[in-house]
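One structure below.
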Amino acid sequence: MATVVPPVTQDSTGSKGPTAMVFMNMGGPATTDEVGDFLSRLFADADLIPLGPLQSYLGPLISRRRTPKIKRQYADIGGGSPIRKWSEYQASEMCKLLDKTNPETAPHKPYVAFRYAKPLTEDMYLQLLEDGFGKGRGGRAVAFTQYPQYSCSTTGSSLNELWKLRQRLESPRRNQNLSAAEAEGSIKWSVIDRWPTHPGLVEAFAENITKTLETYPEDIRDSVVLLYSAHSLPMSVVNRGDPYPAEVAATVWAVQQRLGHRNAYRLCWQSQVGPSAWLGAQTSDTVKNFVKKGQKDLILIPIAFTSDHIETLFEIDQEVIHEADQLGAEGRTRRAESLNGSPTFIKALADLAGSHLRNDEVCSRQMGLRCPGCKSERCLEQKRFFMGQGVQANAAVTL
Ligand SMILES: C=CC1=C(C)c2cc3[nH]c(cc4nc(cc5[nH]c(cc1n2)c(C)c5CCC(=O)O)C(CCC(=O)O)=C4C)c(C)c3C=C
Ligand code: FES
Ligand SMILES: [Fe+2]
2 MATVVPPVTQ DSTGSKGPTA MVFMNMGGPA TTDEVGDFLS RLFADADLIP
52 LGPLQSYLGP LISRRRTPKI KRQYADIGGG SPIRKWSEYQ ASEMCKLLDK
102 TNPETAPHKP YVAFRYAKPL TEDMYLQLLE DGFGKGRGGR AVAFTQYPQY
152 SCSTTGSSLN ELWKLRQRLE SPRRNQNLSA AEAEGSIKWS VIDRWPTHPG
202 LVEAFAENIT KTLETYPEDI RDSVVLLYSA HSLPMSVVNR GDPYPAEVAA
252 TVWAVQQRLG HRNAYRLCWQ SQVGPSAWLG AQTSDTVKNF VKKGQKDLIL
302 IPIAFTSDHI ETLFEIDQEV IHEADQLGAE GRTRRAESLN GSPTFIKALA
352 DLAGSHLRND EVCSRQMGLR CPGCKSERCL EQKRFFMGQG VQANAAVTL
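For the sequence shown, our numbering assigns the number 2 to the initial residue and increments by one for each residue that follows.
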């Protein structure tokens with residue numbers, strides 16, 4: 002494989018570098034004016050919201066109808082989502098650590114690829130090519146999902162999009178401008194597809210929970226109930242066999258173990274949208290029930306997202322906790338801080354990425370296995386592509 006023309010000085014380039022570290026996530030509107038575009042991309046995504054043959058008609062209709070309400074929510078949390086700020090910070094701090102721990106793949110260059118907001122996956126890909134990756138010169142890039150637990154509706158959707166753009170921008174079959182030789186030297190992708198029980202992630206959650214526990218008087222601290230809250234899934238996705246509910250539960254169990262099971266806990270699910278059946282118990286009902294029964298000392302812990310977003314800043318802080326107070330919680334229902342800029346969390350990201358790079362991993366074995374109820378050709382093709390990128394090329398890709 003040809004090497005990339007390094008975009009930085011030769012001195013800092015290791016024998017296998019440079020390496021692009023691409024943080025994948027859903028993204029969020031940076032300003033209230035971007036809410037319409039964000040929702041229209043979200044409702045156009047058949048991997049997240051399958052609307053059948055009417056997707057291109059119904060998607061824009063539903064997104065236009067929801068825009069005013071969601072705009073107000075972003076206005077209430079300060080006018081936009083902080084996800085871009087946190088993602089860029091986390092990625093660049095992680096790359097600084099990797100340059101020290103993994104000099105052979107240095108320099109590590111941070112990129113962010115969002116599914117529904119800027120910078121979009123396409124913006125990231127074009128930037129990679131402009132920076133000297135691909136275009137016949139090869140180079141290595143790691144698609145690092147920022148969802149710790151894998152769902153086909155989140156990480157799966159981002160990987161399908163990445164695979165689609167790779168076909169469009171680098172495949173000789175789709176792009177007549179590329180010769181076969183150039184395609185030979187296209188970007189070598191690997192994927193960090195899930196990390197629900199990474200010890201550093203668990204430590205970072207445990208640290209933030211402990212900080213919040215310490216705001217309660219010592220004599221009642223052990224009787225505070227920990228309410229882990231994750232974005233829910235439609236039951237149709239759960240019943241298809243999506244891995245997310247089991248992986249979220251694995252994170253919760255690992256954090257509970259790290260905390261020594263000193264507090265009782267429940268895992269509950271938030272943010273369901275629309276009239277269909279979603280996985281419960283719902284976070285808001287759970288809090289209301291506990292408070293009504295007299296259990297007011299509750300800590301809400303967002304467990305499936307690594308930075309703040311409307312679901313923490315609006316739904317938990319302004320709706321759920323407000324409701325608890327109205328029912329008499331007297332400020333005793335609180336929220337643990339999101340991971341955001343936690344140095345423990347950033348060290349965990351570097352540790353995870355560092356061993357992925359050192360071990361030349363392609364993706365997890367688990368990624369090859371499709372959901373038992375999956376009928377999507379996109380999933381099949383995407384998995385074939387990413388599984389076939391390296392030494393595991395002949396590993397079971399799936400039916
Ligand atoms: C791990 C996190 C998430 C999963 C799993 C997830 C699945 C999922 N979401 C929808 C529909 C919507 N989600 C919306 C917003 C939204 N979703 C997540 C995370 C997960 N979603 C976040 C963090 C956000 C907010 C983004 C931010 O604040 O920056 C929305 C838009 C908001 C709204 O209209 O209410 C929709 C719609 C489905 C259908 C789904 C599983 C199939
Ligand atoms: S929906 Fe899970 S693999 Fe396709
Ligand atoms: Fe969502």
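Ideal Cβ positions, reconstructed from N, Cα and C, are used throughout, including at glycine.
Cβ-based burial, residue i [other Cβ within 10 Å; buried from 16]
i: Asp34; result: exposed
i: His262; result: exposed
i: Leu280; result: buried
i: Arg359; result: exposed
i: Lys136; result: buried
i: Asn26; result: buried
i: His323; result: exposed
i: Tyr151; result: buried
i: Asn290; result: exposed
i: Gln258; result: exposed
i: Leu55; result: exposed
i: Asn221; result: The identity of residue 221 in the sequence shown is Ile, whereas the question assumes Asn. Burial call: exposed.
i: Lys293; result: exposed
i: Ser88; result: buried
Ligand 5 heavy atom lying under 7 angstroms from the CB of residue i
i: Gly157; result: You won't find ligand 5 in this model; what it holds is ligand 1, ligand 2 and ligand 3.
Selection from the options that minimises the alpha carbon distance to residue i
i: Gly37; options: Arg141, Leu49, Glu171, Lys119; result: Lys119
i: Glu362; options: Glu382, Gln283, Ala142; result: Ala142
i: Gln128; options: Arg116, Pro111, Tyr117, Gly137; result: Pro111
i: Arg73; options: Ala251, Gln367, Leu314; result: Leu314
i: Ser233; options: Asp223, Val249, Pro218; result: Val249
i: His357; options: Pro61, Thr146, Pro69; result: Thr146
i: Cys269; options: Ala45, Tyr217, Ala247; result: Ala247
i: Thr32; options: Ile71, Thr198, Lys17, Leu49; result: Ile71
i: Gly157; options: Gln168, Ala144, Glu171; result: Ala144
i: Asp352; options: Ile78, Thr102, Asp48; result: Thr102
i: Cys96; options: Val225, Thr345, Gly355; result: Gly355
DSSP beta-bridge partners of residue i
i: Gln271; result: His232
i: Trp190; result: Ala142
i: Leu227; result: Tyr266, Ile300
i: Met25; result: Ala114, Thr146
i: Arg336; result: Leu301
i: Thr211; result: In DSSP, Thr211 forms no bridge with anything.
i: Thr20; result: His109, Arg141
i: Gln383; result: None, per the DSSP bridge assignment.
i: Trp164; result: Trp164 is not bridged to any residue.
i: Gln283; result: Trp270
Sufficient close CB pairs (3 or more, under 8 angstroms) joining the region 263-275 to the region 36-44: no
Inter-stretch contact at 8 angstroms, needing at least 3 Cβ pairs: the region 70-85 / the region 330-337: no
Touching by the beta-carbon criterion (3+ pairs, under 8 angstroms), the region 225-234 and the region 292-305: yes
Segments assigned beta strand (DSSP E), at least 3 residues, entirely inside the region 54-126: 109-115
Three or more C-beta pairs below 8 angstroms linking the region 319-330 and the region 98-117: no
Meets three-Cβ-pair contact criterion under 8 angstroms: the region 155-165 and the region 379-390: yes
Three or more C-beta pairs below 8 angstroms linking the region 290-298 and the region 250-257: no
Touch test, the region 236-244 against the region 368-378, Cβ-Cβ under 8 angstroms, three pairs minimum: yes
Secondary structure, beta strand (DSSP E): runs of 3+ residues fully inside the region 308-374: 334-336
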